[in-house]
Amino acid sequence: MNLPLDSELLRTFVAVAAAGNVTRAAEQVGRTQSAVSIQIKRLEKTLGVSLFERGSRGVALTPQGKLLLVSANRVIGLLDEAAAAIRAKPLGGPVRIGIPEEYGYTVLPRALAAFASQHPHVEVTVKCGYSAAQLAAIDADELDLAVIFDQEQPTTGEVLFVDPTVWVTSEVHCVHESDVVPVAIYERSSWCRKFAVGSLDKAKINYRVAYSCDTSGGLKIAAVSGLAIAPLASSNIPAGCRALTEADGFPQIDCSNVVLRRNPRMKSAAIDGMATMIRDAFRPISVALS
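Shown next as structure tokens:
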């Protein structure tokens, strides 16, 4: 008989996975180290697998642990979402948010839909586009919040997580092994030519521009189909593709801060609520990439 999973055990598991250390995780969840260790053992006994490899410097996830982490984050997120929906006081008024295309199909749709469901009197307006356009919209008071990519140090705004940009190739077509590597780039992007193409020049990789577009969706098409390798965020690699690494001869392109930028002239409870929702929506990615 398969025993049901205890959500509290899953929360402890996620805390240990994020901290990489039982002692630090115990401090975060407000329990003793021995209590946390017992909870992890209970979870492993329930599942019949080892979730962590123990070492002198802490713990690391086993392959089974990595699989569980994805589901555990999803389960905890749904439970927190349900609790928030019941406890939340209804909000009202307009909220205008800008989001990058990279997360417009993955992270944010479910979270935005949940927010709209919890607060039906909030008028949510979404603008999907490049970071530069989102920042201009905030300056023009056309947006209240925006999720942007920012390579600048120090960053202005709240850093949600750091998302490395890498070259991505199809696992089937392996075009990165070509003598002259076909690459996909953003057609009108100084960043792409300076950093993405620049990384190939520094690594002395022979390449040709085989595909150009204005969207990350277009870059994904190029990578998945095997037309070219493409520069994509690590959190946004499509199925059937993988990141190229130093072992393949390809350098990491850069690391972008994914930042929540607020319009300082616009304040309301609805805007605060949306900011909290965005922060919670990105937390599982932050844990997975840490």
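Just so you know, the sequence shown maps onto residues 3 to 292 in the numbering used here.
Heads up, the beta-carbon is just placed ideally off N, CA and C, and yes, glycines get one too.
Shown here, N208 sits in coil according to DSSP, grouped into three states, outside any helix or strand. Sequence-distant partners of V260 (beyond 5 residues in either direction) whose C-beta falls short of 6 Å from its own C-beta, in its chain, are L162, F163 and D165. V61 sits away from V38, with the two beta carbons spaced by 7 Å or more.
E125 is bridged by DSSP to P96. In the three-state reduction of the DSSP assignment, P240 falls in the coil class. By alpha-carbon distance to K43, the top candidate from D8, R76, V72 and Q136 is D8. Take the alpha-carbon of S172 and the one of A225: they are about 6 Å apart. Inclusion of L69 and L45 in the CB contact set at 7 Å is not warranted, their separation being larger than that value.
Taking the CA atoms as reference points, A135 sits about 32 Å from N75. Looking at the backbone, the Cα of G106 and that of C215 are separated by about 17 Å. Under the three-state reduction of DSSP output, G57 falls in the strand class.
Put simply, the segment 113 to 120 touches the segment 275 to 284. At least three CB pairs are less than 8 Å apart. In the assembly as shown, C194 is a buried residue. Its beta-carbon has 16 or more other beta-carbons within 10 Å.
Short of 6 Å from the beta carbon of A271, and not among the five residues preceding or following it, lie these beta carbons of its own chain, in chain order: L93. Collapsing the DSSP output to three states places E154 in coil. Here P286 is buried, its C-beta having at least 16 other C-beta atoms within 10 Å.
In terms of Cβ geometry, N208 and V174 do not form a close pair [threshold 7 Å]. Bounds of the beta strand (DSSP E) holding P233 are A232 to A235.
Taking the Cα positions, L145 is about 14 Å away from G95. In this chain, the alpha helix (DSSP H) harbouring P111 covers L110 to Q120.
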